Structure formats: C-alpha cells, structure tokens
Amino acid sequence: MSMFRRLAYLFTVFLLCIPAMASAQGRATAVGVQTVEQRRLAETVPVFAEVVTARDGAVASRVAGNVEMVHVLEGTRVERGDLLVELNEELLAIQVAQAEAQLNEATAGIATARARVGRTTTAFSRIEGLLESSSFSQGRFDEAEADLLEARSQLVEAQAREKSSEAQLAEARYQLDRSKIIAPFTGVVVEVNTIPGAFIQAGTPVVRLLDTEAFEVEASVPSRYVMFMEQGQTLQASLENGAELEVVVRAIVPLEDPGTRTRAVRFASSDLANTGNVAVGQSLTVQVPVGGARDVLSVPKDALVQARGGWTVFLVADGTAQPRPVTLGVPLGDRYEVLTGLNDGDQVVVRGNERLRPGQEVTANPVETN
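Pasting the structure below:
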C-alpha cells in the first residue's frame, strides 16, 4: 500500500509540472548574438603597461621673495593661467619705482646733453666762419672744437644711460609680474611645497602640477614584437577592473634596454578620459601583436562553452539555439581563431549561452562587435 501511495504521489506531481514545463518551453529566451565574419586580425600576447602623462612636473618661482599667499591645495584642479602662489610685492614695487625714477633722470640728461651739443655746435660754426678773417684765433678754434666733441660724447653717454635705465625698469617690472606664479597648463595640483611666510629663491619649486588631459599609456614591449607594430595602429587594452579600451600607437621610442631587450612604446587613447578615476601609474594590459595580420574567422571568448573536453558555440537557426562543436586556433586578443565548425555569416550566442539547451527557442538581440 505504501508503494502504491508513493507512485500515486509522484504521478500527481508529474501532472502538475506538465503545464509549467509547457509554459517554459513556449517562452523564447532572450540572448545576445554576433555574426561570424572574416576579419583581418593578428595573434597577440598581453603586455603590462601603465598610465603616464605627457606633462608632469614642478612649477617653480622665477624670482626670489617671501610667500604672501598659497591659493591651491593638493587635489585642486586648475586651468592654464590660474593663480597658484603669490609673493609679497612691496619690495618689488619699490624697485620698479626706483627704476622709473632712474629712467626719468636719464631721459632728462639726454635733453641737457642735446642742448649743450646745440650750443657748442653754434659756437664752433661761428669761429669756423672766421677762418679766413684776420680776427681768426687758432686757440679759440681748438677750444670750441674740443667743447663740441665733449658735448657729443656726453650725449652718447646720456643715451647709453637711458638704455641701461630702460633695461633696469624692464627687469624690475619682470620681477614684479613674476611675483604671481600661475599655472602653465591645465591640470591637478598633486604637491604643494611652500607655505605663507616662507622665503624662496628663484627656481624653487612651489607646486607639482599633473596634466590630466594628456594621459597616455606606456608599455615596455619586447623588441621581437616591435616589428609588428607601427605608428597609428589600434590595439586592445584592459584595466585591472576589466574596463576595455582602445589604444593607438603614438610613438615607438628608438632606444632599447640592453638588459630586458625591450623598447618603450607610447599609446594615445581617447577612452582614458571617459574611464573615470584614472591615475598616473595605474596598470593595464595591452594586447600586442606577435605576428603579421591575416584574414581569419574568429569568435569572441564569450561565445565559447566548454563541453566534453572541447569547445562548443550555440548558433541561432530558425529561432532556436543549436550547439556546434568548433576547433580553435590561436587567441587573438579577446577573440579566438576558429579553424572548423563555423561559416562566415553564422549567428553565435555571446550572452546568455551558459544555460541554453539544444533546440531551445531564443530571441536574438545583436551585440556590438569589438
């Protein structure tokens, strides 16, 4: 009797599950798909890289003086031309006033010298006009000539003093203008090296400024791979948090490290600015080509499902998911070369393939191809 009751119970449960199973089979599962196509790709290997910036350095004072005010803190974002540090202007303003007074004095000296040149020229001309006269005096002529030469010499000296005074005034004004230390480029202050009241010499660093708009990627690439790279080439990279980005070869530095047999390669990337919280020194991985590009069929890694010791992908055909065993070739960044099992134009599932069953109804949603 107990066996009969158990069988009756199991039969009842089976009857109750039939509608739910039918309902589940009637609903199509949404999956993400990509179309298999022949693409020109190259075999790659991951190479460690880090974020660098094209401009990172100390901003120094060009003049000596006492620090009046520091306008920034560590982490302050500044624009090009923003005020960073202000020196006391009192002594510098006095020096400008002194230089202006000296220039005025020199200018007045020129006027005096020119007046004397005029007088001595007139006197010399008058005596020179008596040269054929009986009243001509050689002594007076020599004296007038000497006075004229002396007056002209004094005029030249006065003009030189004016030039010197102009230079001194320009220097004093330069010193005064440079008492305000401004940001040479847009960036973020990462160090502040002075405080109000401190005396600094010309050339003393006051802040360290990092240009966050000039982030780049630098990698030490083995020399044997550099031959497969060229300026302007686009490669794939990824941050430690998994964020994917494209990097473009900007420069291959023509200097090889004899110890590691590597060369520095600089990459530009517009994606870095959109990644958020990127910092100099942050590590990432760049997929570097290790051979020439060739035309291959490939699938994203996300399309692959391991089954019975091999690899399978799910194709979408007539609204259903159909498993297809594939033979893989070499890895190509975030993709794998497919040697057998797929054809150009096949639709493969790249999202939602983990729990698919053969023949299961699916709704295909295209996923953007990398």
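Mind the numbering: the sequence shown is residues -22 to -1, 1 to 348 in mature numbering (1 follows the signal peptide of the UniProt record, and there is no 0), read in order.
The beta-carbon is built from N, C-alpha and C at its ideal position, and this holds for glycine as well.
Note that the structure is a prediction, hence the values are computed from the model and not measured.
- Collapsed DSSP secondary structure at T318 in the structure displayed: Strand.
- Query: Within 10 angstroms of its Cβ, does T98 collect 16 or more other Cβ (buried), or is it exposed?
  - Reply: Buried is the call here.
- Query: If you run the structure through DSSP and keep just helix, strand and coil, what is L282?
  - Reply: Looking at L282 - three-state DSSP - the assignment turns out to be coil, as it is neither helix nor strand.
- Message: In whole angstroms, give me the CA-to-CA distance for V278 and G53.
- Response: It is Pro, not Val, that sits at residue 278 in the sequence shown. Distance between the alpha carbons of P278 and G53 is about 41 Å.
- Query: Between A197 and the rest of its own chain, which residues show a CB-CB distance below 6 Å, the 5 nearest in sequence each way excluded?
  - Reply: Only V25, A27, V243, V264 meet the Cβ criterion.
- Can you give the Cα-Cα distance for E83 and P232, rounded to whole angstroms? Each residue's alpha carbon lies about 59 Å from the other.
- Task: Could you tell me the distance, in whole angstroms, from the CA atom of E240 to the CA atom of V225?
- Result: Correcting the residue type first, residue 240 is Thr in the shown sequence and not Glu. Counting only the Cα atoms, V225 lies some 19 Å from T240.
- Tell me which same chain residues have a C-beta within less than 7 Å of the C-beta of G259, skipping the five on either side of it? So the list reads E28, V29, once near-sequence residues are dropped.
- Task: Look up F177 in the DSSP assignment and give the residues it is bridged to.
- Result: In DSSP, F177 forms a bridge with N44.
- Message: So, for I318: in the same chain, excluding its five sequence neighbours on each side, which residues have a beta-carbon less than 7 Å away from its beta-carbon?
- Response: Note that residue 318 is Thr in the sequence shown here, rather than Ile. Taking T318 as the centre and dropping the five residues before and after it, the same chain places the C-beta of V304, T305 closer than 7 Å to its C-beta, in chain order.
- Sequence-distant residues of the same chain with beta carbon closer than 6 Å to A77, five excluded per side: Closer than 6 Å at the Cβ level, and outside the excluded window around A77, lie Q146, L147, A150.
- Determine the burial state of P174: buried for a count of at least 16 other Cβ atoms within 10 Å of its Cβ, exposed for fewer. Exposed is the call here.
- Query: Is P165 buried or exposed, if buried means 16 or more other CB atoms sit within 10 Å of its CB?
  - Reply: One point to set straight first is that residue 165 is Gly, not Pro, in the sequence displayed. With 16 or more other Cβ atoms from the protein chains shown falling within 10 Å of its own Cβ, G165 counts as buried.
- Name the DSSP bridge partner or partners of R244? According to DSSP, R244 bridges with E196, A229.
- Message: What does the alpha-carbon distance come out to for the pair G43 and L65?
- Response: Looking at the backbone, the Cα of G43 and that of L65 are separated by about 6 Å.
- What residue range is occupied by the uninterrupted alpha helix (DSSP H) comprising S201? Run containing S201: 201 to 204, per the alpha helix (DSSP H) assignment.
- Query: Using DSSP with H/G/I as helix, E/B as strand and the rest coil, what is E234?
  - Reply: Reduced to three states, the DSSP call for E234 is strand.
- Item | Q209 - DSSP class collapsed to helix/strand/coil | Three-state result, Q209: coil.
- Item | 8 Å Cβ cutoff met for V11 and V328 | Using a Cβ distance threshold of 8 Å, V11 and V328 count as a contacting pair.
- Does the separation of the CB atoms of R18 and A192 fall below 8 Å? In this structure, R18 keeps its C-beta atom at 8 Å or more from the C-beta atom of A192.
- Message: Helix, strand or coil, according to DSSP, for A257 in the structure here?
- Response: In this structure, A257 counts as coil in the three-state DSSP scheme.
- Task: Note down the Cα distance separating T7 from A20, rounded to an integer number of angstroms.
- Result: The alpha-carbon of T7 is positioned some 35 Å away from that of A20.
- Item | Identity of the residue in L293, A136, E121, K158 nearest M47 by Cα | The shortest Cα separation from M47 among L293, A136, E121, K158 belongs to K158.
- Query: Does the Cβ-Cβ distance between V227 and V50 come in under 8 Å?
  - Reply: In this structure, V227 sits away from V50, with a CB-CB distance that is not shorter than 8 Å.
- In this structure, does DSSP put Q80 in helix, strand or coil? Annotated three-state conformation of Q80 is helix, per DSSP.
- Message: Let me check understanding here. Comparing Cα to Cα, which of R139, E57, S103, A124 lies closest to A89?
- Response: Ranking the options by Cα distance to A89, first place goes to R139.
- Message: Quick check on DSSP: helix, strand or coil for F292?
- Response: It is a strand residue.
- Check each candidate in L70, S142, S112 and name the one with the smallest Cα separation from Q153. That would be L70, whose Cα lies nearest to the Cα of Q153.
- Query: Out of curiosity, what's the CA-to-CA distance linking V340 and N219?
  - Reply: So the two alpha carbons sit approximately 31 Å from each other.
- Item | Neighbour flag for L69 against chain B, beta carbons, 8 Å | Given the protein chain composition of this structure (a single chain), no chain B is represented.
- Item | Run of the alpha helix (DSSP H) containing V63, from where it starts to where it stops | Per DSSP, V63 is not a residue of any alpha helix (DSSP H); the beta strand (DSSP E) it occupies stretches across 61 to 65.
- Message: I'd like to confirm the pairing. Which residues does DSSP put opposite K158 in its beta bridges?
- Response: K158 pairs with E64.
- Query: Helix, strand or coil: how does DSSP classify F102 here?
  - Reply: In the structure shown, the three-state DSSP call for F102 is helix.
- Decide if I72 is buried, meaning its Cβ has at least 16 other Cβ atoms within 10 Å, or exposed. It is exposed - the Cβ of I72 has fewer than 16 other Cβ atoms within 10 Å.
- Query: I think A136 touches G87, with their Cβ atoms under 8 Å apart; what is that distance to the nearest whole Å?
  - Reply: Taking a contact as a CB-CB distance under 8 Å, the pair A136 and G87 counts as one, their CB atoms being some 4 Å apart.
- Who are Q132's beta bridge partners in DSSP? Per DSSP, none; premise fails for Q132.
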